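Reviewing the structure listed below.
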Ligand SMILES: Cc1cc2nc3c(=O)[nH]c(=O)nc-3n(C[C@H](O)[C@H](O)[C@H](O)COP(=O)(O)OP(=O)(O)OC[C@H]3O[C@@H](n4cnc5c(N)ncnc54)[C@H](O)[C@@H]3O)c2cc1C
Ligand SMILES: CC(C)=CCC/C(C)=C/CC/C(C)=C/CSC[C@H](N)C(=O)O
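Numbering (our numbering), first residue to last: 913 to 1396.
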């Protein structure tokens, strides 16, 4: 590569200490070396949408909880940080239509296969193959990033992974995409809808790409971090030697300063309110790692031409996570099973008026105690309910025979997807000002934020040193074929 003649940046700011911001700190350190000062502004708690709550002396995930076996950045972070995968606890799924359970997973694998074949023909196997095909293409991003290639927009990144087919996927609904592939409407209603409801709180009218991610999030081998997923965020901050600034960023503006030796140089001024009041600092590069959407951040951008909005079009979907330590009322689920025989851990729901809840899951603590097994419904335990609206006490009394404690967290969780979308927000807001969460409009998941973080660190580096040959290269898949 060309010799780096330009001076290295001195200071970089990252706004947001979730998995996106902390992964950006990690990758920026990797790209720019030890000298650059990296500051991460966090208005709330490090981890952001990765959060836990203590119930009865154990911590439980209230936000992002599962990770796919092929999420290679998340895997890599664990290795780098010396964290481990949480012990696996067996699970069993059922589907609820608001009145009764329409499907219950058997302990016997073969029984499940025969039932599914009987009801849905080859839809199940074909869905597995369809998702695998998309994942195969998705995995190309890791090779591109290993070879330091970066992309200046979400569309260009998606195109490099899966060509026009990925761009079509984000611009059509999952329903349209799957019907076009020959899946039946009954299969979409009975099986695919419960998955999009539990994973994104929405219907099969979400975009096809996030729909495939959602289906991947219902496959086998899913894992979580021992001790809690948010440990990855604090670990990445520590590893990258980034400084956390506990403050809310209120404004970012562009400033210029005359230089004795060369042309006028520009930099960014970040205004924030911290523990000791309002203050500001200047930076060479800034990465915004929080959604620029109503209710999630309110940053004023000034002095930019064209102007940068505080909020991009679209909204985030509310998902309420209600964690109840209590005794489940099986008659709510309309099942005749006795509590001692009820070992279902995940109840998914159909898109019916009667099913106001999106899912009901038995939660395991982030650290599995020795000898822990899933108990039947005879015992009081921690359940998590996802719903769009907060649940009333009356509703909770229908679901539970007794409640020891109730914890409610209202998340603006992920974009409210309604394809076709005009255009995903840009990665590049201005010359050296970047936006990580643009990627969520393709799909929101921990790994998507990590991929975006790696991409922005590479992009910021290549643009700083004017290495254009590593940005937006066409046909990378063919060119890198045969490379390790
Ligand atoms: C209920 C729920 C369940 C989920 N389940 C999964 C799952 O199982 N698997 C999965 O992969 N993904 C899941 N997700 C999605 C996943 O959690 C997110 O995609 C991911 O955590 C986003 O990380 P982020 O760092 O990009 O954003 P965030 O985590 O939102 O981080 C942004 C941070 O910026 C801070 N901030 C905002 N404004 C300012 C400001 N002005 N100044 C300073 N700081 C600011 C915020 O406090 C926040 O900490 C789930 C999300 C939710 C809500
Ligand atoms: C990005 C890729 C290729 C795969 C990610 C698959 C994945 C883990 C998707 C899950 C996304 C998501 C927003 C899940 C929310 S709910 C999770 C769980 N069912 C729960 O009940 O907590």
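Think of the CB as a built atom: it goes at the ideal place given N, C-alpha and C, for glycine as much as any other residue.
Here the structure is a predicted model, which means the values were calculated and not measured.
Cβ contact check for the region 1271–1290 and the region 946–953: 3 or more pairs under 8 Å: no
Please determine whether the Cβ atom of residue 980 lies at a distance below 7 Å from any heavy atom of ligand 2. Here residue 980 is taken as the residue at index 68 of the chain shown, counted from 1. At least one heavy atom of ligand 2 is nearer than 7 Å to the Cβ of residue 980, so yes.
Taking the CB atoms as reference points, tell me whether residue 1320 and residue 980 lie closer together than 8 Å. Taking the chain shown and counting its residues from 1, the one referred to as residue 1320 is at position 408. Taking the chain shown and counting its residues from 1, the one referred to as residue 980 is at position 68. It is not a contact, given that the beta carbons lie outside the stated cut-off.
How would you call residue 1022, buried or exposed, if buried means at least 16 neighbouring beta carbons within 10 angstroms? If you number the chain shown from 1, residue 1022 lands on position 110. Flag for residue 1022 reads exposed.
Closer than 7 Å by C-beta to residue 1212: which residues in its own chain qualify, once you throw out the five before and the five after it? Chain order, please. Start at 1 with the first residue of the chain shown, and residue 1212 comes out as number 300. Contacts found: 1162, 1163 and 1222.
Report yes if the CB atom of residue 1234 is closer than 8 Å to the CB atom of residue 1110, and no otherwise. As a working mapping, residue 1234 is identified with position 322 in the chain shown. As a working mapping, residue 1110 is identified with position 198 in the chain shown. The answer is no: Cβ separation not under 8 Å.
Let me check one thing: in DSSP terms, what residues is residue 1258 bridge-paired to? Start at 1 with the first residue of the chain shown, and residue 1258 comes out as number 346. 1005 and 1273.
Any idea what DSSP makes of residue 1393, helix, strand or coil? As a working mapping, residue 1393 is identified with position 481 in the chain shown. Reduced to three states, the DSSP call for residue 1393 is coil.
If you follow the beta strand (DSSP E) that residue 1324 is in, where does it begin and where does it stop? Your numbering for residue 1324 matches position 412 in the chain shown. Taken as a continuous stretch (DSSP letters only), the beta strand (DSSP E) holding residue 1324 covers 1312–1327.
Which of the three DSSP states, helix, strand or coil, is assigned to residue 1041? Position 129 of the chain shown, counted from the start, is the residue given in the question as residue 1041. Residue 1041: helix per DSSP, three-state reduction.
Is residue 1171 buried or exposed, if buried means 16 or more other CB atoms sit within 10 Å of its CB? For the purposes of this step, residue 1171 is identified with residue 259 of the chain shown, where counting begins at 1. The residue in question, residue 1171, is exposed, as its Cβ has fewer than 16 Cβ neighbours within 10 Å.
DSSP on residue 1160, reduced to helix/strand/coil? In the chain shown, counting from the first residue as 1, residue 1160 sits at position 248. Here residue 1160 sits in strand by DSSP.
What whole-angstrom Cβ distance do residue 1238 and residue 1292 have, given they're in contact under 8 Å? Taking the chain shown and counting its residues from 1, one reaches residue 1238 at position 326. Taking the chain shown and counting its residues from 1, one reaches residue 1292 at position 380. Contact holds; Cβ gap of about 6 Å.
Just to confirm my understanding: we take residue 1263, look at its own chain, exclude 5 residues before and 5 after, and list those with CB closer than 6 Å. What are they? The residue you call residue 1263 lines up with position 351 of the chain shown. Counting only Cβ-Cβ distances below 6 Å, and skipping sequence neighbours, we find 1105 and 1115.
Note down the Cα distance separating residue 1348 from residue 1019, rounded to an integer number of angstroms. Within the chain shown, the letter at position 436 stands for residue 1348. Within the chain shown, the letter at position 107 stands for residue 1019. Those two C-alpha atoms are separated by around 42 Å.
In terms of DSSP beta bridges, what is residue 974 paired with? Position 62 of the chain shown, counting from 1, holds the residue named residue 974. DSSP output for residue 974 lists no bridge partner at all.
Cβ shell of residue 1095 (< 6 Å), same chain only, five flanking positions each side left out: Taking the chain shown and counting its residues from 1, one reaches residue 1095 at position 183. Correct list, in chain order: 1035.
Where does residue 1270 land, buried or exposed, given buried means 16+ other C-beta within 10 angstroms? As a working mapping, residue 1270 is identified with position 358 in the chain shown. Classification of residue 1270: buried, given that the 10 Å Cβ count is 16 or more.
Assigned secondary structure, residue 1184 (DSSP; H/G/I helix, E/B strand, else coil): What you label residue 1184 is simply residue 272 of the chain shown in a count that begins at 1. Residue 1184 falls in the strand class under three-state DSSP.
In whole angstroms, what separates the C-alpha of residue 1061 from that of residue 1153? Residue 1061 sits at position 149 when you count from the first residue of the chain shown. Residue 1153 sits at position 241 when you count from the first residue of the chain shown. The straight-line gap from Cα to Cα measures roughly 25 Å.
Buried/exposed call for residue 914, threshold 16 Cβ in 10 Å: Position 2 of the chain shown, counting from 1, holds the residue named residue 914. With a pLDDT of only 48 at residue 914, under 50, the local geometry of the prediction cannot be trusted, and the value read off the model is given with reservation. Residue 914 should be labelled exposed.
Buried or exposed: which applies to residue 1296, given that a residue is buried once 16 or more other Cβ atoms fall within 10 Å of its Cβ? Residue mapping note: residue 1296 aligns to position 384 of the chain shown, counting from 1. Flag for residue 1296 reads buried.
Excluding sequence positions up to five away, which residues of its chain have a Cβ less than 8 Å from the Cβ of residue 919? Taking the first residue of the chain shown as position 1, residue 919 is located at position 7. Within the same chain, residue 919 has no close Cβ partners at all.
Would DSSP call residue 1248 helix, strand or coil? Translated into positions along the chain shown, residue 1248 becomes position 336. In the structure shown, residue 1248 sits in coil (DSSP, three-state: anything other than H, G, I, E or B).
Are the beta-carbon atoms belonging to residue 1165 and residue 1215 less than 8 Å from one another? Against the chain shown, residue 1165 aligns to sequence position 253. Against the chain shown, residue 1215 aligns to sequence position 303. Yes, the Cβ-Cβ distance between residue 1165 and residue 1215 is below 8 Å.
Measuring CA to CA, which of 1232, 1366 and 1144 is closest to residue 997? To locate residue 997, count along the chain shown from 1; it is residue 85. Minimum Cα distance to residue 997 is reached at 1144.
With DSSP as the reference, label residue 914 as helix, strand or coil. By one-based count along the chain shown, residue 914 stands at place 2. Its pLDDT being 48, under 50, residue 914 is placed unreliably in this model, and the coordinates cannot settle the point.
Taking only runs of the beta strand (DSSP E) that begin and end inside the region 917–987, which ones reach a length of at least 3 residues, in chain order? 923–927, 949–953, 964–967 and 970–973
So the candidates are 1006, 1160 and 1195; which of them puts its Cα closest to the Cα of residue 1187? Taking the chain shown and counting its residues from 1, one reaches residue 1187 at position 275. Of the listed residues, the one whose Cα sits closest to residue 1187 is 1160.
Under 8 Å between C-beta atoms of residue 1354 and residue 1380: Along the chain shown, read from residue 1 onward, the residue named residue 1354 stands at position 442. Along the chain shown, read from residue 1 onward, the residue named residue 1380 stands at position 468. In this structure, residue 1380 does not lie closer than 8 Å to residue 1354 by Cβ.
For residue 1107 versus residue 1126, is the C-beta spacing smaller than 8 Å? Counting from one through the chain shown, the residue named residue 1107 turns up at place 195. Counting from one through the chain shown, the residue named residue 1126 turns up at place 214. For residue 1107 and residue 1126, yes; Cβs fall inside 8 Å.
Excluding the 5 residues preceding and the 5 following residue 1041 in the sequence, name in chain order all residues of the same chain whose CB lies nearer than 6 Å to its CB. Your numbering for residue 1041 matches position 129 in the chain shown. For residue 1041, where only same-chain residues beyond five positions count, there are no Cβ hits under 6 Å.
Among the residues of its own chain, which have a CB less than 7 Å from the CB of residue 982, if the five just before and after it don't count? If you number the chain shown from 1, residue 982 lands on position 70. These residues qualify, in order along the chain: 1047 and 1051.
For residue 1366 and residue 1073, the rounded distance between their alpha carbons: What you label residue 1073 is simply residue 161 of the chain shown in a count that begins at 1. What you label residue 1366 is simply residue 454 of the chain shown in a count that begins at 1. So the two alpha carbons sit approximately 15 Å from each other.
Under 8 Å by Cβ, that's how I've got residue 1207 and residue 1324 pegged, so tell me the actual separation to the nearest angstrom. Translated into positions along the chain shown, residue 1207 becomes position 295. Translated into positions along the chain shown, residue 1324 becomes position 412. Rounded, the Cβ-Cβ distance is 5 Å, consistent with contact.
Can you check which of these residues, 1001, 1284 and 1044, is closest to residue 1123 by C-alpha distance? Within the chain shown, the letter at position 211 stands for residue 1123. For residue 1123, the nearest C-alpha among the options comes from 1044.
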